[in-house]
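Take a look at the structure set out below.
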Amino acid sequence: MLLFISLQTACRKEEQQEKKEEANGPVLPVKFESQSRIILLKYLPNTNLLSQIEDKSGTKEVIRYTKDQLINGFESYENGKLVYTADFFRDEKQRLITVNQFKENGPVSTPTGYYTLEYNSADQVSKIKSYNPGKKLLSSKTLLYDELSNLVNEQIDFPLPQESNSYRYDQKKGICSAIANAFILSLESRHKFFASAAHNLLSREGTIAAKNFTFLYQYKTNDYPDQFTLTGQNAETFQITYQPAP
Numbered sequence: 002m003l004l005f006i007s008l009q010t011a012c013r014k015e016e017q018q019e020k021k022e023e024a025n026g027p028v029l030p031v032k033f034e035s036q037s038r039i040i041l042l043k044y045l046p047n048t049n050l051l052s053q054i055e056d057k058s059g060t061k062e063v064i065r066y067t068k069d070q071l072i073n074g075f076e077s078y079e080n081g082k083l084v085y086t087a088d089f090f091r092d093e094k095q096r097l098i099t100v101n102q103f104k105e106n107g108p109v110s111t112p113t114g115y116y117t118l119e120y121n122s123a124d125q126v127s128k129i130k131s132y133n134p135g136k137k138l139l140s141s142k143t144l145l146y147d148e149l150s151n152l153v154n155e156q157i158d159f160p161l162p163q164e165s166n167s168y169r170y171d172q173k174k175g176i177c178s179a180i181a182n183a184f185i186l187s188l189e190s191r192h193k194f195f196a197s198a199a200h201n202l203l204s205r206e207g208t209i210a211a212k213n214f215t216f217l218y219q220y221k222t223n224d225y226p227d228q229f230t231l232t233g234q235n236a237e238t239f240q241i242t243y244q245p246a247p
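With this note's numbering as the guide, the letters of the sequence shown map in order to residues 2 to 247.
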């Protein structure tokens with residue numbers, strides 16, 4: 002009898018330890034819910050590759066992948082209709098270097114321009130240049146990172162006059178830290194939470210005050226936020242639901 006009780010106790014301890022380890026492991030956000038909106042995130046089976054972001058207000062974003070699970074496209078829908086697509090192209094190192102953009106209207110697909118990505122020695126995107134369909138430069142910006150891979154400064158080199166934006170982060174686990182391709186998604190998606198990759202974005206402060214914003218967070222015991230508030234003109238608070246990352 003004592004042996005049976007001891008075995009039961011040991012099993013319970015192992016289960017509790019497994020749950021604790023799972024809670025402290027990487028997680029993927031699957032739902033953001035505010036008083037007026039519900040945003041659902043879906044992933045390719047058994048991966049951290051985001052495949053769809055659906056806002057119950059009527060918008061949807063779809064991420065495309067190759068058969069080798071390399072991200073190669075982005076689609077945006079409004080009220081069930083495709084309105085925007087982007088096609089991604091890579092270099093020999095499999096780094097994204099060009100993104101071609103299109104406005105979609107039924108059977109008509111109209112090129113709206115493209116942007117190019119350049120990389121630093123750490124393979125972080127260090128420069129982004131945007132062009133119109135005629136290859137005329139529209140904008141150019143330089144990106145700088147801290148030692149933890151957080152984007153901390155964005156220098157708008159063109160058009161003039163130059164602008165500068167700085168970013169601050171906390172030291173907690175980023176909402177999107179376990180999502181693959183979070184940076185490119187931050188460029189394409191309308192949702193700001195992709196900026197919280199390595200750590201959680203606290204503020205963006207720049208030359209144009211109207212573009213500035215701040216985030217406030219509440220945290221779970223495993224250092225991932227379970228709530229965030231985007232402050233400013235369009236203030237909104239979201240509750241976050243996660244699932245364990247594969």
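We put the CB at the ideal spot given by N, CA and C, even for glycine.
Counted within 10 angstroms of its Cβ, other Cβ atoms place residue i as buried (16 or more) or exposed
i, result
"V100", "buried"
"V166", "The displayed chain sequence assigns Asn, not Val, to residue 166. The residue is buried, with at least 16 neighbouring Cβ atoms inside 10 Å."
"N182", "buried"
"A87", "buried"
"F229", "buried"
"F159", "exposed"
"G233", "exposed"
"G175", "buried"
"I180", "buried"
"E22", "Below a pLDDT of 50, predicted positions are generally treated as unreliable, and E22, at 37, falls in that range; the measurement from the model is reported next regardless. Exposed, since its Cβ has fewer than 16 Cβ neighbours within 10 Å."
"V109", "exposed"
"P226", "buried"
Residue interval of the alpha helix (DSSP H) (run including residue i)
i, result
"F184", "183-189"
Residues sharing a beta bridge with residue i, DSSP
i, result
"V84", "Per DSSP, none; premise fails for V84."
"I98", "Answer is none; I98 lacks a bridge partner."
"G207", "N166"
"F75", "I64, A87"
"T117", "T99, K130"
"P112", "F103"
Beta strand (DSSP E) segment containing residue i, residue limits
i, result
"E93", "E93 -> no beta strand (DSSP E), and no H or E assigned at all."
"L42", "39-44"
"S52", "51-56"
"D227", "226-231"
"S35", "Premise fails: S35 is in no beta strand (DSSP E) and is neither H nor E."
"P245", "237-245"
"Q219", "214-220"
Closer than 8 Å is the cut-off here; do at least three beta carbon pairs connect the region 198-214 with the region 40-51? no
Touching or not, the region 77-94 and the region 214-231, by the rule of three or more beta carbon pairs under 8 Å? no
Contained beta strand (DSSP E) runs [length at least 3] in the region 119-184, N- to C-terminal order: Listed in chain order, the complete beta strand (DSSP E) runs (minimum 3 residues) inside the region 119-184 are 126-132, 138-146, 152-159, 164-170.
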